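Positions in the sequence shown are counted from 1; adding 7 to them yields the working numbering.
Here is the structure we will look at.
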Amino acid sequence: MNTERLSVRLETVAKYVPKGSRLADIGSDHAYLPCYLAKNNTIKRAIAGEVVLGPFQSAQKNVMAEGLTHLISVRMGDGLEVVQPDEVDCITICGMGGTLIVSILENGKDKLNSVTRLVLQPNINALSIRQWFIKNHWELIEEEILEEDGKIYEVLVAEKGNPSKPYNNIDMETGLLFGPFLLRDKNQVFYKKWDMEKKNWQRIYEQLESAADSEQTLEKKEEMLKKIAMAEEVLD
Numbered sequence: 008m009n010t011e012r013l014s015v016r017l018e019t020v021a022k023y024v025p026k027g028s029r030l031a032d033i034g035s036d037h038a039y040l041p042c043y044l045a046k047n048n049t050i051k052r053a054i055a056g057e058v059v060l061g062p063f064q065s066a067q068k069n070v071m072a073e074g075l076t077h078l079i080s081v082r083m084g085d086g087l088e089v090v091q092p093d094e095v096d097c098i099t100i101c102g103m104g105g106t107l108i109v110s111i112l113e114n115g116k117d118k119l120n121s122v123t124r125l126v127l128q129p130n131i132n133a134l135s136i137r138q139w140f141i142k143n144h145w146e147l148i149e150e151e152i153l154e155e156d157g158k159i160y161e162v163l164v165a166e167k168g169n170p171s172k173p174y175n176n177i178d179m180e181t182g183l184l185f186g187p188f189l190l191r192d193k194n195q196v197f198y199k200k201w202d203m204e205k206k207n208w209q210r211i212y213e214q215l216e217s218a219a220d221s222e223q224t225l226e227k228k229e230e231m232l233k234k235i236a237m238a239e240e241v242l243d
């Protein structure tokens, strides 16, 4: 992977960045995504944000090597700290857990006023992002699930709008867990992911069966049974 050719995961993210965007790519790693978008004339300019020194230096090096310092500003800082208010209109955050992505958005809420689109790629726990969208008036407009190098990723795209719209014709709890767009499409990767999750929940349930019956154990068992039933219904 380099600035010419992205991984399938980042290529999927790239196609949802609107043309002419002022982008902030948070946790930019080697700045592959902003470099690729700048070279393909998709973005006006970009900020590549990185909190860790190694990747920050690597991003700086790549941006300089590509001759893109006039378009891409590489900044070191935590989350949306690297962005000034009204500086960007599209934010990408890729390759982290859903909970961490949510905390970045939550802590940087004052930077989101000018933002019209979020493209987020959680490695795990996309549910927490969907829940955050609902609470914060962001409407999920597209989702994709894909597999690359044996790992399964989800990409979530949102704009300001009616957060309950994608859930109109489905059970909200099911939609939040599995993804309203992914439920409609149900591709091979979707089946693979949730079949693995179901087996995992069944394993946890079996372990709990042999544990002492505390209130906590009973609650957890109930939760597992509920999730297993939801998965079975969806996979059916």
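Think of the CB as a built atom: it goes at the ideal place given N, C-alpha and C, for glycine as much as any other residue.
Because the structure is a prediction, the values reported are computed rather than measured.
From Lys205 to Asn132, what distance separates their C-alpha atoms? Here the question's residue 205 lines up with position 198 in the sequence shown. Here the question's residue 132 lines up with position 125 in the sequence shown. The straight-line gap from Cα to Cα measures roughly 15 Å.
How would you write the range of the beta strand (DSSP E) that Arg82 sits in, first residue to last? Reading the sequence shown from its first residue, position 75 is the one you call residue 82. From DSSP, the beta strand (DSSP E) with Arg82 extends over 79–83.
Report the residue from Ala31, Lys167, Glu230 whose alpha carbon sits nearest the alpha carbon of Met78. The count along the sequence shown starts at 1 and reaches residue 78 at position 71. According to the sequence displayed, residue 78 carries Leu and not Met. When only C-alpha atoms are compared, the closest one is Ala31.
In three-state DSSP terms, what is Leu13? Position 6 of the sequence shown, counted from the start, is the residue given in the question as residue 13. Residue state, collapsed to three classes: coil.
Please name the residue in Ile177, Gly84, Val59, Leu125 whose C-alpha comes closest to that of Thr99. Within the sequence shown, numbered from 1, the residue matching residue 99 stands at position 92. When only C-alpha atoms are compared, the closest one is Leu125.
Below 8 Å on the Cβ atoms is my contact criterion, and I expect Thr123 with Glu166 to pass it. Report the Cβ-Cβ distance as a whole number of Å. The sequence position of residue 123 within the sequence shown is 116, counting from 1. The sequence position of residue 166 within the sequence shown is 159, counting from 1. Thr123 to Glu166, Cβ: 6 Å. Contact.
Return the residue from the list Arg16, Ser28, Asp117, Leu112 that minimises the CA-CA distance to Gln138. Numbered from 1 along the sequence shown, position 131 holds the residue referred to as residue 138. If we check each option's Cα against that of Gln138, Leu112 comes out closest.
Using CA atoms only, rank isn't needed, just tell me which of Ala38, Gly34, Asn143 is closest to Glu11. One-based indexing of the sequence shown puts residue 11 at position 4. Ranking the options by Cα distance to Glu11, first place goes to Ala38.
Compute the beta-carbon to beta-carbon distance between Ile136 and Gly105, rounded to the nearest angstrom, for a pair I have assumed lies under 8 Å. Working through the sequence shown from its first residue, we reach residue 136 at position 129. Working through the sequence shown from its first residue, we reach residue 105 at position 98. Confirmed, about 5 Å.
Taking the alpha-carbon of Glu180 as reference, which of Ile141, Glu88, Asn207 has the nearest alpha-carbon? Indexing the sequence shown from 1 puts residue 180 at position 173. The residue with the shortest Cα to Cα distance from Glu180 is Ile141.
Between Thr224, Leu190, Glu230, which has its C-alpha nearest Val241's C-alpha? Sequence index remark: in the sequence shown, residue 241 carries index 234 (1-based). The shortest C-alpha separation from Val241 is found at Leu190.
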